[in-house]
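I have placed the structure first, in the form of structure tokens, so that the comments after it can refer back to it.
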Amino acid sequence: MATLADRAGTQPLRRATGGERSSRAVLFLLALWLSLCTGLVFLVVLVAQTLVEGLPRLDANLVTNYTSLLYPEQAGFRAAILGTVWVIGCTALLAIPLGVAAAIYLEEFADNERWYTRLIEVNIQNLAAVPTIIYGLLTLGILGGLQLVLDFQNRNVVIGGALALALLILPVIIIATRESLRAVPAEIRAGSLALGATPWQTVWRQTLPAAIPGIATGTIIALSRAIGEAAPLLLLGAVVFIRYDPNGLLSGFTTMPVQIYNLVAQPQEELRTAAAAGIVALLALLLLMNGVAILIRNKFQRRW
Amino acid sequence: MTVNPIIATGAPMSDSTPTGAQRQVVDVERVAATKRAIPDVPRAVMSCAELNVYYGDFLAVREVNLSFGENEITALIGPSGCGKSTVIRCLNRMNDLVVGARVEGVVRYHGQNIYHRDVDPIEVRRRIGMVFQKPNPFPKSIYDNIAYGPRVTGMRPDSMDDLVEQALRGAALWDEVKDKLKQNAYSLSGGQQQRLCIARTLATEPDVILMDEPCSALDPIATARIEDLMMDLRQRFTIIIVTHNMQQAARVSDRTAFFTAQADDTTGNRTGLLVEYDRTEKIFSNPSEKRTEDYISGRFG
């Protein structure tokens, strides 16, 4: 023992070769910084350019007016904003209960040893990576079926858009919910069951409430992804000038990204300015939603 | 009644000459002096007969026959992997929750086989409470932790406040928390959390309480308080405790069951089995089995 202590005390604490200040380590660190900066620079330039372009049109008209080819300098996003509210509202109503319920089943009740449970799990993971336009195609098929029962001509309807986006974010919600259910320690479940609670009571009163912050965060991020999505809606035929407020599930609609896509393609300079302003508004909304998600996560985060 | 842990916890570990005299882990005479009179044969509230537990194909415990006396504390001791936790988790069907676990044999509670197919495990767990190794309060207020059991089991007490107070008094926690019932249970210390978990169990009015190493995460002072509490609770409840701590078994229990693990000759799988079950003072002073003597005198395990 004594010899070891002597050696430890007398040896100088030299710089180790390959330590954190060696040239290789510094170079690697620089490379990492460079990668980060490349990404950031592109983002900043893009946002700044859009902001400068859209700045003259960041006014009340942008929100209150319908889009207009006759008065392009006053064109607004009223129909698109209301359309987004309708579609995202319906998306949330469709996707959240279904996604949370599916996750509860898979995490708390399903027998993970069974082949069909595993098949479902693999498929959910894969669905999260499917190109979004596929969901548009799928929705077109569903709407075709619905048209046999319900009376509507146009396939560009609120319920169609909501269906497409709900399918799109369903895997994201399921995965986020499962993650946060899994983070609830098994001791909580065991404690509840040992008191004579049923598995259902345990889920409803212990596991799910403990997982709510994680579910809320995942859901908000999924919804903000849906808000920014255009491809599946384009497939439904949402690229039209709509000059009325959507008023029901079978009402025609357009959304912010779809209208931006539409305006950017127009020849008039004023409409492209309006599009830039619309992008800024959409970005601000997404930032706000993600901010709320982060706030919820930080406020309710629990370390077990 | 006087309830104080009076057995020396400090085994003379310093004198560790391998060939020396037998290590005295538990002070036998003082154990015997503290024990109260109990019937020769336990008035069984619970018993298990020919209990075999499998995890998949693996036989974890075999042929356990035990009966647990009313208002007694029974300790299950033995080295790691001897199946004592497995056995205690069979007694309120918590093993049902382990995927692949299978139980053979009979576990009787007031004469009824709790593994009979007409028996609802939920109902079993309402009568036979359990306290776990790590304190596991719910992330709720102290009050809601206690009220949870009565609420989910559909008890309709005249006053939930009274029920909560009774449970907390029963677990010797009331004086410490009566002014902060609305505070989150996580604000309590580890020992308080464990007493909260005991109080939570008392609130559903079981008659048997299972404790799976309830003090293993606690410091000696908190442990002593839980032990005092157990001595107090045995007047109203039948307590079965798994413990790694032989001094604890000697201090608190009326009867002790010693388990050990035995390797299968062909497969090498280690299966737990019951070696000896007797009054605690007998186990610690004059065990019938050589293996028990070796274990309690600290020669293995």
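Going down the list, the sequences are from chains A and B.
Just so we're aligned: the first sequence equals residues -7 to 296 in my numbering.
Just so we're aligned: the second sequence equals residues 7 to 307 in my numbering.
Ideal Cβ placement from N, Cα and C applies to all residues, glycine included.
Per-residue contacts from residue i into chain B (C-beta, under 7 Å)
{"i": "A/I180", "result": "N142 and F144"}
{"i": "A/E171", "result": "In chain order: nothing, as chain B lies at least about 18 Å away."}
{"i": "A/R264", "result": "In chain order: nothing, as chain B lies at least about 52 Å away."}
{"i": "A/R110", "result": "What A/R110 touches in chain B: nothing, since even the nearest Cβ is about 14 Å away."}
{"i": "A/R147", "result": "Within chain B, no residue comes near A/R147; the closest Cβ sits about 46 Å away, beyond 7 Å."}
{"i": "A/R217", "result": "Result: empty, since nearest Cβ-Cβ is about 30 Å, beyond 7 Å."}
{"i": "A/Q198", "result": "F144"}
Interface residues of chain A facing residue i [CB-CB closer than 7 Å]
{"i": "B/N136", "result": "According to the sequence displayed, residue 136 of chain B carries Met and not Asn. Those are A186, listed as they occur along chain A."}
{"i": "B/I128", "result": "G188 and T190"}
{"i": "B/R206", "result": "L187"}
{"i": "B/G155", "result": "L187 and G188"}
Contacts that residue i makes with chain A (C-beta to C-beta distance below 8 Å)
{"i": "B/T159", "result": "L187, G188 and A189"}
{"i": "B/N98", "result": "A186"}
{"i": "B/R132", "result": "L187 and G188"}
Proximal residues of chain B, C-beta to C-beta of residue i below 9 Å
{"i": "A/E100", "result": "Here the premise fails: no neighbours, minimum Cβ distance about 11 Å."}
Where residue i falls: helix, strand or coil (DSSP)
{"i": "B/A55", "result": "strand"}
{"i": "A/N53", "result": "helix"}
{"i": "B/P18", "result": "With a pLDDT of only 42 at B/P18, under the threshold of 50, the placement of this residue in the model should not be trusted; the figure read from the coordinates follows. Three-state result, B/P18: coil."}
{"i": "B/N151", "result": "helix"}
{"i": "B/D284", "result": "strand"}
{"i": "B/E219", "result": "coil"}
{"i": "B/S291", "result": "helix"}
{"i": "B/T277", "result": "strand"}
{"i": "A/A203", "result": "helix"}
{"i": "B/M7", "result": "Note on B/M7: pLDDT 40, under 50, position unreliable in the model; the coordinate value appears next. Residue state, collapsed to three classes: coil."}
{"i": "A/L135", "result": "helix"}
{"i": "B/V170", "result": "helix"}
{"i": "B/A27", "result": "Caution is warranted here: a pLDDT of 42 is assigned to B/A27, below 50, making its placement in the model unreliable, and no coordinate value can be reported."}
{"i": "B/I12", "result": "Note that B/I12 has pLDDT 40, beneath the 50 cutoff, so the model's placement of it is unreliable and no number is given."}
{"i": "B/A43", "result": "coil"}
{"i": "B/M236", "result": "helix"}
{"i": "A/Q293", "result": "coil"}
{"i": "B/D102", "result": "helix"}
{"i": "A/Q66", "result": "helix"}
{"i": "A/V33", "result": "helix"}
{"i": "B/V32", "result": "coil"}
{"i": "B/A205", "result": "helix"}
{"i": "A/Q193", "result": "helix"}
According to DSSP, residues forming a beta bridge with residue i
{"i": "B/A81", "result": "B/I247 and B/T262"}
{"i": "B/V113", "result": "B/C54"}
{"i": "B/Y61", "result": "B/F64 and B/A107"}
{"i": "A/G244", "result": "A/V149"}
{"i": "B/N190", "result": "B/S147"}
{"i": "B/V214", "result": "B/I134 and B/T244"}
{"i": "B/S73", "result": "B/S53"}
{"i": "B/N119", "result": "B/R114"}
{"i": "B/Q268", "result": "B/T277"}
Rounded Cβ spacing between residue i and residue j (contact assumed at less than 8 Å)
{"i": "B/T310", "j": "B/T244", "result": "The structure shown has nothing for residue 310 of chain B, since chain B only spans 7 to 307."}
{"i": "B/T40", "j": "B/R261", "result": "That pair is no contact at about 14 Å."}
{"i": "A/V55", "j": "A/F69", "result": "7 Å"}
{"i": "B/G202", "j": "B/I148", "result": "Here residue 202 of chain B is Leu; the residue named in the question, Gly, does not match the sequence. With a Cβ gap of about 6 Å, B/L202 and B/I148 count as contacting."}
{"i": "A/G183", "j": "B/F138", "result": "7 Å"}
{"i": "B/S91", "j": "B/S73", "result": "Not really, about 19 Å apart at Cβ, beyond 8 Å."}
{"i": "B/A153", "j": "B/M136", "result": "About 18 Å separates the two Cβ atoms, so there is no contact after all."}
{"i": "A/L275", "j": "A/T83", "result": "That belief does not hold up - the Cβ atoms of A/L275 and A/T83 are roughly 20 Å apart, past 8 Å."}
{"i": "A/G153", "j": "A/F245", "result": "6 Å"}
{"i": "A/A94", "j": "A/I167", "result": "Incorrect: roughly 10 Å between the Cβ atoms, too far for contact."}
{"i": "A/L160", "j": "A/E221", "result": "6 Å"}
{"i": "A/T265", "j": "A/G75", "result": "21 Å between Cβ atoms; not a contact."}
Under 9 Å by beta carbon: chain A residues contacting residue i
{"i": "B/V105", "result": "D103, N104 and E105"}
{"i": "B/T210", "result": "L187 and G188"}
{"i": "B/Y121", "result": "Neighbours of B/Y121 on chain A: none; closest Cβ ~17 Å, over 9 Å."}
Contacts of residue i in chain B (Cβ-Cβ under 8 Å)
{"i": "A/A202", "result": "P145"}
{"i": "A/Q293", "result": "The contacting residues do not exist; A/Q293 stays about 12 Å from chain B at best."}
{"i": "A/Q299", "result": "A query on residue 299 of chain A cannot be resolved here, the shown segment of chain A reaching from -7 to 296 and no further."}
{"i": "A/R289", "result": "Per Cβ cutoff of 8 Å: no residues; A/R289 is ~16 Å from chain B at best."}
Min CB distance residue i to chain E below 8 Å
{"i": "B/Y115", "result": "In the structure shown, chain E cannot be found, because the protein chains are A and B."}
message: Closer than 8 Å is the cut-off here; do at least three beta carbon pairs connect the region 242 to 254 of chain B with the region 112 to 127 of chain B?
response: no
- prompt: So, do the region 21 to 28 of chain A and the region 229 to 241 of chain A have three or more beta carbon pairs nearer to each other than 8 Å?
  reply: no
task: Determine contact between the region 89 to 98 of chain B and the region 164 to 183 of chain B, defined as no fewer than three beta-carbon pairs at a distance below 8 Å.
output: no
- request: Kindly confirm or deny that the region 201 to 209 of chain A and the region 171 to 182 of chain A touch, where touching means at least three C-beta pairs closer than 8 Å.
  value: yes
- prompt: Any contact of the region 102 to 113 of chain B with the region 278 to 285 of chain B, i.e. 3+ C-beta pairs under 8 Å?
  reply: no
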